[in-house]
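Participant: Before anything else, here's the structure in question.
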Amino acid sequence: MSIFRATFAAIAAAASLLAPALASADAVEDFYKGKSITVTIGTEAGGGYDQYARTLSRHIGRFIPGKPTLIAKNVPGADGLQATSRLYAIAPKDGTEIGTFHRDIPVLPLLGLVKIDYDPTKFGWIGSMNEETTICMSWHTSPVKTFQDTFTHQLIVGVTAAGATLDTFEAPLINLFGAKLKVVAGYRG
């Protein structure tokens, strides 16, 4: 009989520990049931980040208690900075709007390349849809064939906007290593 009591006590203890989590899951389900979540996409339509965000929007709703509908909305501008600033300043802070951005958005304030009007520590960063490697290529007629060549020959590199993902990788190469990269902003998408 003591084994029965010990087992029952263990089950009762586990149930008491799980009860708040289950109650919390019910509250989340009640909150999202019948609602929609706006997925703010910090890029133009058609690019890789847009495709990631739209894939997320199509599938993640079934994993959120209450199964809300997700609506994708592109807010292009300044390589995601406009969408990030919008989410920070005016979007509801209740979980009914989330955003997808370039991977450098959280670290831009550390780099000091552009004026930032959001605090990345105030966002709840969830994760990433992918793991990627960044590469830089030059045209076959360019004198730049290796990284070492960037110290003696200028390489012109195009980015979407100041502070863009590519720009944040080039700035340390220029500022720390003295690479002769000329960054030209203004390329769309």
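For what it's worth, the working numbering labels the leading residue of the sequence shown as 4, then goes sequentially.
Glycine residues also receive a C-beta, built at the ideal position from the N, C-alpha and C atoms.
Predicted model only: the values in this text are computed from it and were never measured.
Can you tell me whether DSSP reads A188 as helix, strand or coil?
Facilitator: As a working note, residue 188 is residue 185 in the sequence shown. The three-state secondary structure of A188, taken from DSSP, is strand.
Participant: Which residue's Cα is closest to the Cα of V151: I177, W142 and A182?
Facilitator: Taking the sequence shown and counting its residues from 1, one reaches residue 151 at position 148. As written in the sequence, residue 151 is Gln, which differs from the Val given in the question. For the options I177, W142 and A182, the alpha carbon positioned closest to that of Q151 is the one of A182.
Participant: Nearest-angstrom Cα distance between E32 and W128?
Facilitator: Residue numbering aside, residue 32 sits at position 29 when the sequence shown is read from its first letter. Residue numbering aside, residue 128 sits at position 125 when the sequence shown is read from its first letter. Between E32 and W128, the C-alpha separation is close to 21 angstroms.
Participant: Determine the extent of the alpha helix (DSSP H) in which G51 is found, giving its start and end residues.
Facilitator: By one-based count along the sequence shown, residue 51 stands at place 48. From DSSP, the alpha helix (DSSP H) with G51 extends over G51 to H62.
Participant: Within a Cβ cutoff of 7 angstroms, which residues of the same chain sit near K36, ignoring the five residues on either side of it in sequence?
Facilitator: Translated into the one-based positions of the sequence shown, residue 36 becomes position 33. So the qualifying residues of the chain are G69.
Participant: What residue range does the beta strand (DSSP E) around T103 cover?
Facilitator: Position 100 of the sequence shown holds residue 103. Per DSSP, the continuous beta strand (DSSP E) segment holding T103 begins and ends at E100 to T103.
Participant: Sort T41, F180, I67 and F126 by Cα distance to A56 and report the nearest one.
Facilitator: Position 53 of the sequence shown holds residue 56. For the residues T41, F180, I67 and F126, the minimum Cα distance to A56 belongs to T41.
Participant: Going by C-alpha distance, which of H143, T72, D97 and T136 is nearest F126?
Facilitator: Position 123 of the sequence shown, counted from the start, is the residue given in the question as residue 126. Of the candidates H143, T72, D97 and T136, the one whose C-alpha sits nearest the C-alpha of F126 is D97.
Participant: In this structure, does DSSP put S39 in helix, strand or coil?
Facilitator: If you number the sequence shown from 1, residue 39 lands on position 36. Strand.
Participant: So, do the segment 130-149 and the segment 65-85 have three or more beta carbon pairs nearer to each other than 8 angstroms?
Facilitator: Using a Cβ-Cβ distance cut-off of 8 angstroms, the segment 130-149 and the segment 65-85 are not in contact, since fewer than three pairs of beta carbons, one from each stretch, lie closer than that value.
Participant: For T87, report the span of its alpha helix (DSSP H) as first-last.
Facilitator: Here the question's residue 87 lines up with position 84 in the sequence shown. Its alpha helix (DSSP H) spans residues L84 to A92.
Participant: Expressed to the nearest angstrom, what Euclidean distance is found between the alpha-carbon atoms of T180 and V110?
Facilitator: For this step, residue 180 is matched to residue 177 along the sequence shown. For this step, residue 110 is matched to residue 107 along the sequence shown. Note that residue 180 is Phe in the sequence shown here, rather than Thr. So the alpha carbons of these two residues sit roughly 20 angstroms apart.
Participant: Which value, in whole angstroms, describes the spacing of the CA atoms of F154 and H62?
Facilitator: For the purposes of this step, residue 154 is identified with residue 151 of the sequence shown, where counting begins at 1. For the purposes of this step, residue 62 is identified with residue 59 of the sequence shown, where counting begins at 1. Approximately 46 angstroms, taken between the alpha carbons.
Participant: Return the chain-ordered list of same chain residues with a C-beta closer than 8 angstroms to the C-beta of L176, the five sequence neighbours on each side being excluded.
Facilitator: Working through the sequence shown from its first residue, we reach residue 176 at position 173. The residues are T153, A182 and L184.
Participant: Between the C-alpha atoms of T149 and I159, what's the straight-line distance to the nearest angstrom?
Facilitator: For the purposes of this step, residue 149 is taken as the residue at position 146 of the sequence shown. For the purposes of this step, residue 159 is taken as the residue at position 156 of the sequence shown. Looking at the two C-alpha atoms, the distance is approximately 14 angstroms.
Participant: Out of curiosity, what's the CA-to-CA distance linking C139 and F34?
Facilitator: Here residue 139 corresponds to residue number 136 of the sequence shown, with the count starting at 1. Here residue 34 corresponds to residue number 31 of the sequence shown, with the count starting at 1. Rounded to whole angstroms, C139 to F34 spans 45 angstroms at the Cα level.
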